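To start, the structure itself, in structure tokens.
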Amino acid sequence: MSSSAELPRLPFARPDGLSIPPRVHELREDGPLHRVLTPAGDEAWFAVGHDVVKQLFADKRLGRAHPSPEEAARVSDSAWLGGPAGNYETEESDHTRMRDLLQPYFSPRRMRTLRPRIEVLVDDLLDEMEVIGQPADLHELVAFPLPALVICEMLGVPAEDRSLIREWSDGISDMADQQRSSASLAALYDYMSRLTSKKRESDDPGDDLIAVLCAAEGGTLDDDYITYLAMMTVFAGHETTVTSIDLGVLLLLTNPAQHQALLDDIDLVPSAVDEILRASAHAEAWALRYAREDIDIAGLTIRAGDCVLLERPGADRDESVHARPDEFDIRRSPNPHLAFGYGPRYCMGAPLARLELEVLFARLVPRFPRLRPAVPVEEMTIRRGLLTAGFHEVPVNW
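Numbered by the working numbering, the letters in the sequence shown go through residues 69 to 466 in order.
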């Protein structure tokens with residue numbers, strides 16, 4: 069086995085914000101599972117093959133907690149997802165309880181009731197972009213605010229505070245600046261704690277998620293636990309969707325035939341969203357896990373306590389599963405991507421993310437049929453050192 073000094077170190081270089089690193093392709097050709105160094109300099113397993121990533125997503129012998137957190141390998145200095153999380157002894161039951169509490173709020177029925185409001189939010193943002201004129205920064209005017217507006221309304225965050233939520237969510241994802249990440253996490257926790265207390269004390273708390281959690285289990289849920297769930301919902305519901313919007317718009321606009329196909333048949337939006345989810349290169353957004361016991365897989369042994377990184381974007385470019393994996397094809401079928409994970413930890417917020425993306429593209433594409441990048445994608449600045457990457461700006465003309 070290679071020594072630490074010989075192991076490839078993450079993150080790998082990539083030619084532009086729409087491509088996955090060539091090194092990921094090279095590793096996958098050599099095998100589905102490799103040893104690497106994380107950005108923090110610790111050793112980890114790096115899964116890049118679709119079948120192995122899918123299998124490990126579903127494997128209950130992997131979790132987010134570690135029996136000795138202070139000794140565990142870390143990915144980064146991020147205060148939220150840089151290392152182990154949760155109670156090792158109760159992780160599985162804690163996860164089941166969390167899903168039982170939150171899953172009903174992301175049900176198909178709930179999504180149907182949300183659609184009209186999300187349509188209004190999207191139209192308002194597109195109105196503002198049109199008034200500002202071209203070139204306009206679609207990232208700042210649409211991609212960044214939309215998920216924040218949606219998740220804040222779901223949580224009952226007052227309109228005047230929503231810019232703070234955006235700011236803290238962005239700060240938490242910083243993988244390089246531990247002080248910024250920790251300060252943002254503390255600020256978001258303090259805010260959500262105060263909001264939970266207000267909901268608890270109010271005679272008319274509303275029907276938002278925090279209010280529902282305050283009333284759950286006969287009103288016996290601890291306020292700290294509700295605060296934690298609210299924080300998790302904010303971060304999970306914002307950052308990754310922002311990046312999916314940025315990347316989805318640019319994938320369409322840099323593939324004119326696919327853009328035209330969607331213009332010709334807007335009913336292709338659900339299929340297009342699936343392809344956007346598959347093809348989006350969410351750099352540095354590796355799914356972090358720790359082995360709870362030894363796992364034999366792909367002819368190798370992951371030892372108990374080892375850090376495992378699941379490289380979802382690379383797995384979704386695996387040609388053994390997806391024909392012509394580097395082509396963007398909005399009619400791709402079947403499309404068994406792993407954008408939301410797989411198995412017992414499949415993303416609870418997947419229905420909401422799909423809904424936001426479907427509403428946005430169903431309204432953006434026909435309203436701005438000549439939408440195009442204002443500068444070449446190669447000149448757009450990638451958001452490096454953040455958990456979900458994407459771009460600082462997405463300037464567009466129409």
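Every residue gets a Cβ at the ideal spot worked out from N, C-alpha and C, and that includes glycine. As the structure is a computational prediction, the values presented were derived from the model and not from experiment.
Is residue i helix, strand or coil when you go by DSSP?
i, result
"aspartate 275", "coil"
"alanine 81", "coil"
"tryptophan 113", "strand"
"glycine 373", "coil"
"arginine 248", "helix"
"proline 393", "coil"
"tyrosine 358", "strand"
"aspartate 364", "strand"
"glutamate 130", "The amino acid occupying residue 130 in the given sequence is leucine; glutamate does not appear at that position. Of the three classes helix, strand and coil, the one that applies to leucine 130 here is strand, per DSSP."
"alanine 227", "helix"
"leucine 428", "helix"
"leucine 103", "Just to set this straight, residue 103 is arginine in the shown sequence, not leucine. Three-state result, arginine 103: strand."
"phenylalanine 174", "helix"
"leucine 214", "helix"
"isoleucine 398", "coil"
"valine 143", "coil"
"leucine 423", "helix"
"leucine 439", "coil"
"phenylalanine 125", "helix"
"aspartate 195", "helix"
"aspartate 242", "strand"
"alanine 204", "strand"
"valine 462", "coil"
Taking the straight line between their C-alpha atoms, what separation do you get for residue i and residue j?
i, j, result
"alanine 108", "arginine 142", "6 Å"
"proline 90", "glutamate 447", "19 Å"
"valine 120", "threonine 158", "26 Å"
"glutamate 138", "alanine 359", "16 Å"
"serine 231", "glutamate 74", "44 Å"
"serine 175", "glycine 287", "22 Å"
"serine 250", "aspartate 229", "20 Å"
"valine 199", "aspartate 192", "11 Å"
"valine 445", "serine 136", "43 Å"
"aspartate 386", "histidine 207", "29 Å"
"serine 270", "aspartate 162", "28 Å"
"phenylalanine 212", "glutamate 352", "19 Å"
"alanine 349", "glycine 458", "8 Å"
"proline 203", "proline 393", "32 Å"
"proline 412", "methionine 300", "17 Å"
"alanine 115", "methionine 243", "20 Å"
"histidine 118", "serine 339", "20 Å"
"proline 404", "tyrosine 414", "13 Å"
"valine 302", "serine 237", "7 Å"
"aspartate 84", "leucine 406", "22 Å"
"proline 441", "aspartate 362", "48 Å"
"isoleucine 278", "leucine 182", "16 Å"
"arginine 431", "alanine 372", "48 Å"
"valine 104", "isoleucine 88", "17 Å"
"tryptophan 466", "isoleucine 370", "51 Å"
"alanine 284", "threonine 164", "15 Å"
Let's test the definition: count the other Cβ atoms within 10 Å of the Cβ of residue i and tell me whether it reaches 16, buried, or not, exposed.
i, result
"glutamine 326", "buried"
"arginine 400", "buried"
"threonine 308", "buried"
"alanine 298", "buried"
"aspartate 275", "exposed"
"alanine 254", "exposed"
"alanine 421", "buried"
"serine 146", "buried"
"glycine 239", "buried"
"proline 402", "exposed"
"serine 201", "Looking at the sequence itself, residue 201 is glycine, so the reference to serine does not match. The residue is exposed, with fewer than 16 neighbouring Cβ atoms inside 10 Å."
"serine 388", "exposed"
"valine 188", "exposed"
"glutamate 424", "buried"
"proline 226", "exposed"
"asparagine 155", "exposed"
Beta carbon of residue i: closer than 7 Å to some heavy atom of the ligand PLP?
i, result
"valine 462", "The ligand PLP is not among the ligands present in this structure, which contains no ligands whatsoever."
- Message: Below 8 Å, how does it come out for the stretch 324 to 344 and the stretch 387 to 397: are there three or more Cβ pairs, yes or no?
- Response: yes
Taking 8 Å as the cut-off, does the stretch 263 to 277 touch the stretch 293 to 301 (at least 3 CB pairs, one atom from each stretch)? yes
With three or more C-beta pairs closer than 8 Å as the rule, is the stretch 349 to 366 touching the stretch 116 to 131?
yes
Practice problem: Counting only runs of 4+ residues fully inside the stretch 253 to 339, write out the alpha helix (DSSP H) ranges in chain order. | Solution: 277 to 287, 291 to 321, 324 to 332
*Determine contact between the stretch 423 to 439 and the stretch 365 to 382, defined as no fewer than three beta-carbon pairs at a distance below 8 Å.*
no
- prompt: Would you say the stretch 74 to 86 touches the stretch 94 to 113, given that touching needs at least three Cβ pairs under 8 Å?
  reply: The stretch 74 to 86, when compared against the stretch 94 to 113, does touch it at the 8 Å Cβ threshold.
The stretch 328 to 337 in contact with the stretch 88 to 104 per 3-pair CB rule at 8 Å | These segments do not touch.
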